[in-house]
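Scroll down for the structure; my scribbles are underneath it.
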Amino acid sequence: MHRIAIIGAGYVGLVTGACLASSGMPVHCCDIDTEKIGKLSRGILPIYEPGLEELISDCSKPGKQLVFTTDLKKAVTNSDILFIAVNTPTLENSRCDLTHVFEAAVSIAGVMDGYKIIVIKSTVPVGTCRLVKQRISDELSRLGKSYGFDIVSNPEFLREGSAISDFFNADRVVIGADNHDAADIIKSVYTENAKCCCPMVVTSLESSEMIKYASNAFLACKISFINEIASICEHCGANVSEVSEGMGLDNRIGRQFLNPGPGFGGSCFPKDVMALAGAAESYGLEPKLLRSIMTVNSEQTARMIRKIEAATGGLDGKTVSILGVSFKPGTDDIRYSPSVAIIKDLVSRNAAVRVYDPKALGNLKKENPELKVRYCKNPYSCCSRSDCVVLATEWEEFADLDFEKLKSIVRQPVLLDLRNMYPPDYVKKLGFYYEGVGKK
Ligand code: UGA
């Protein structure tokens with residue numbers, strides 16, 4: 072049985088650690104944040120992810136396989152395979168900050184007690200795994216240690232909100248390695264231990280790193296593409312939902328990620344597209360498509376704000392109710408959330424903004440203590456005396472709003488459905504002014 076250490080108990084580290092532990096492998100989940108580890112040991116999670124709390128609680132009962140620790144030496148010496156899953160924030164110049172990855176690598180070298188496979192799960196620019204290899208070799212020689220090790224790149228493709236199911240039902244697992252034996256061992260972690268039956272793609276370190284960036288950039292491109300088509304649809308009378316359906320049935324295109332909206336957000340797409348474009352520029356290339364993905368994306372959010380402004384007949388002094396703050400449903404994450412960008416813009420233009428989200432209000436308040444909005448307890452209190460209701464995130468809870476009730480509490484019956492959750496005719500028949508994205 073492989074023994075696993077996860078370095079970095081963030082979103083990716085926690086999900087990976089819990090899923091591997093639930094498959095029966097002993098897992099040490101290690102982080103330098105003592106408060107976080109203390110809470111995790113008591114079953115308190117730093118993030119919301121459906122099913123994760125239950126999974127962690129199940130795997131970390133006494134005698135079970137998941138241990139939380141701040142003691143790197145304990146984690147490393149009790150493991151054969153070490154997953155580095157620390158965060159790689161974006162620097163001001165859009166490049167990826169690798170400080171935590173290199174620190175983790177050097178610290179691992181300092182406590183290594185024998186051969187290890189070191190797996191890079193964090194999203195890192197092409198070439199990073201090779202740099203990590205060099206740093207570990209240098210540190211081992213500096214310390215006079217001669218242990219062998221292999222570096223494997225194993226990017227993650229989990230989506231927030233469905234990460235556990237994505238782990239066990241992955242479309243593919245990508246493994247980049249110089250050494251085929253090391254790649255085979257990581258393969259067996261997924262196929263034999265975690266019982267994943269998807270294709271295993273084994274590549275060079277560089278290709279594996281690139282697959283991650285190219286995949287996220289392509290998905291982001293699909294979204295910007297359909298957002299641009301949606302804007303054309305609004306002018307020519309086509310309905311973008313019908314267009315997505317008709318396009319998506321072509322196997323070469325595929326239906327997923329063709330839903331228009333207020334623009335993509337989250338900690339991954341914006342960061343990864345910008346980092347890839349930055350890398351291309353560092354090679355003297357001009358990544359025109361990658362840059363356009365981001366331009367179209369911010370224009371899409373701006374277009375939604377113009378829609379709200381037009382529907383209210385001017386924002387100054389109007390009350391706007393925002394349903395949904397997280398960048399997508401199923402998460403409390405508000406990083407790069409288009410909803411937050413919209414809220415800030417409306418507030419700056421003197422609108423009275425009321426907000427409701429099933430999970431993300433705490434983060435909105437924490438990250439923006441100065442933001443002047445009214446935090447509401449449910450969708451209806453949020454929409455009270457509203458001049459415009461904006462459906463910004465497609466939480467299940469917003470799928471069957473009681474429009475009779477809404478009509479009786481709003482000032483103006485106006486719904487801007489930025490996620491196309493409702494059929495326009497249905498809402499219009501109930502007496503509302505309705506506008507979606509890419510349809511009349
Ligand atoms: C994304 C990828 O989907 C994962 O495969 C990847 O592992 C992850 O980034 C990562 O790199 O860690 P995530 O950011 O959790 O996952 O969320 P997505 O479900 O991809 O949604 C991203 C954004 O695109 C959201 O704001 C969502 O609302 C938007 N979106 C998505 C659309 O506007 N339209 C769509 O059709 C799909």
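Sequential numbering of the sequence shown, starting at 72, is according to the numbering used here. By construction, the Cβ of each residue, glycine as well, lies at the ideal position given by its N, Cα and C atoms.
Since residue 99 sits in a beta bridge, which residues does DSSP pair it with?
Against the sequence shown, residue 99 aligns to sequence position 28. Residue 99 is bridged to 76, 138.
Just to confirm, is the Cβ distance from residue 170 to residue 141 under 8 Å?
The residue labelled residue 170 in the question sits at position 99 within the sequence shown. The residue labelled residue 141 in the question sits at position 70 within the sequence shown. Cβ distance not < 8 Å, so residue 170 and residue 141 don't count as in contact.
Can we say the region 446 to 464 touches the region 484 to 499, given the rule of at least three CB pairs closer than 8 Å?
Counting Cβ pairs under 8 Å, three or more are found: they touch.
Among all the DSSP beta bridges, which residues are the ones paired with residue 273?
In the sequence shown, counting from the first residue as 1, residue 273 sits at position 202. DSSP lists 246 as partners of residue 273.
Can you tell me which of the three DSSP states residue 443 falls into?
Working through the sequence shown from its first residue, we reach residue 443 at position 372. If DSSP states are grouped into helix, strand and coil, residue 443 belongs with coil.
Roughly how many angstroms lie between the CA atoms of residue 270 and residue 249, to the nearest whole one?
Locating residue 270 in the sequence shown gives position 199, counting from the first residue. Locating residue 249 in the sequence shown gives position 178, counting from the first residue. About 19 Å.
For the region 393 to 430, which segments carrying the beta strand (DSSP E) assignment without a break, of at least 3 residues, lie completely within its bounds, in sequence order?
Entirely contained in the region 393 to 430, the beta strand (DSSP E) runs reaching 3 residues are, in chain order, 423 to 427.
How about residue 172 and residue 195: do their beta carbons lie closer than 8 Å?
Within the sequence shown, numbered from 1, the residue matching residue 172 stands at position 101. Within the sequence shown, numbered from 1, the residue matching residue 195 stands at position 124. Taking 8 Å as the Cβ cut-off, residue 172 and residue 195 qualify as a contacting pair.
Is the beta carbon of residue 75 sitting closer than 8 Å to the one on residue 85?
To locate residue 75, count along the sequence shown from 1; it is residue 4. To locate residue 85, count along the sequence shown from 1; it is residue 14. Cβ distance not < 8 Å, so residue 75 and residue 85 don't count as in contact.
Which residue marks the beginning of the alpha helix (DSSP H) containing residue 238, and which one marks its end?
Looking up residue 238 in the sequence shown gives position 167. Element bounds for residue 238: 234 to 239.
Can you find a heavy atom of the ligand UGA that lies under 7 Å from the Cβ of residue 399?
Numbered from its first residue, the sequence shown carries residue 399 at position 328. Correct: residue 399 has its Cβ closer than 7 Å to the ligand UGA.
Taking residue 224 as part of the beta strand (DSSP E), name the residues at either end of that continuous run.
In the sequence shown, counting from the first residue as 1, residue 224 sits at position 153. That run of the beta strand (DSSP E) goes 220 to 224.
Of the choices 446, 79, 405, 376, whose alpha-carbon is the least far from that of residue 193?
The residue given as residue 193 occupies position 122 in the sequence shown. Taking only the C-alpha atoms, the option nearest residue 193 is 79.
So, with DSSP's three-state summary, where would you put residue 202?
Numbered from its first residue, the sequence shown carries residue 202 at position 131. Here residue 202 sits in helix by DSSP.
What are the partner residues of residue 460, as DSSP defines its beta bridges?
Locating residue 460 in the sequence shown gives position 389, counting from the first residue. Per DSSP, 392, 486.
Between the alpha carbons of residue 519 and residue 425, how many angstroms are there, rounded?
Because the chain spans 72 through 511 in this model, residue 519 falls outside it and cannot be assessed.
Short check: CB of residue 197 to CB of residue 280, under 8 Å?
For the purposes of this step, residue 197 is taken as the residue at position 126 of the sequence shown. For the purposes of this step, residue 280 is taken as the residue at position 209 of the sequence shown. Cβ atoms of residue 197 and residue 280: closer than 8 Å.
Would you list the one or two residues that DSSP bridges to residue 504?
Within the sequence shown, the letter at position 433 stands for residue 504. According to DSSP, which records beta bridges pairwise, residue 504 is partnered with 485.
Tell me whether residue 343 counts as near the ligand UGA, meaning its Cβ is closer than 7 Å to at least one heavy atom of that ligand.
Mapped onto the sequence shown, residue 343 falls at position 272. Yes, the ligand UGA has a heavy atom inside 7 Å of this Cβ.
For residue 481, collect the residues of the same chain with a Cβ closer than 6 Å to its Cβ; drop the 5 residues on either side in sequence, then sort them by chain order.
In the sequence shown, residue 481 corresponds to position 410, counting from 1. Taken in chain order, the residues that qualify are 454, 457.
Over what stretch of residues does the alpha helix (DSSP H) that includes residue 340 continue unbroken?
Stepping through the sequence shown from its first residue, residue 340 is reached at position 269. Residue 340 -> alpha helix (DSSP H) spans 340 to 353.
Do the region 137 to 153 and the region 107 to 114 make contact, defined as three or more Cβ pairs closer than 8 Å?
In short, these stretches touch, since the Cβ pair count reaches three.
Check whether the Cβ of residue 148 lies closer than 7 Å to any heavy atom of the ligand UGA, and answer yes or no.
Mapped onto the sequence shown, residue 148 falls at position 77. Residue 148 Cβ: outside cutoff for every heavy atom of the ligand UGA.
Which residues share a DSSP beta bridge with residue 154?
The sequence position of residue 154 within the sequence shown is 83, counting from 1. Partner(s): 77, 190.
Can we count residue 194 as close to the ligand UGA, meaning its CB is less than 7 Å from some heavy atom?
As a position in the sequence shown, residue 194 is number 123, starting the count at 1. Residue 194: yes, Cβ under 7 Å from the ligand UGA.
Is residue 453 helix, strand or coil by DSSP?
Within the sequence shown, the letter at position 382 stands for residue 453. In the structure shown, residue 453 sits in a helix (DSSP, three-state: H, G or I).
Are there any heavy atoms of the ligand UGA lying less than 7 Å away from the beta-carbon of residue 352, as far as the coordinates show?
For this step, residue 352 is matched to residue 281 along the sequence shown. Because no heavy atom of the ligand UGA lies under 7 Å away, the Cβ of residue 352 does not count as near it: no.
Going by alpha carbons, who is nearest to residue 242 out of 217, 286, 213?
Mapped onto the sequence shown, residue 242 falls at position 171. Comparing Cα-Cα distances from residue 242 to each of 217, 286, 213, the minimum goes to 286.
Could you check which residue in 151, 324, 471 has the C-alpha nearest to that of residue 290?
What you label residue 290 is simply residue 219 of the sequence shown in a count that begins at 1. Comparing Cα-Cα distances from residue 290 to each of 151, 324, 471, the minimum goes to 324.
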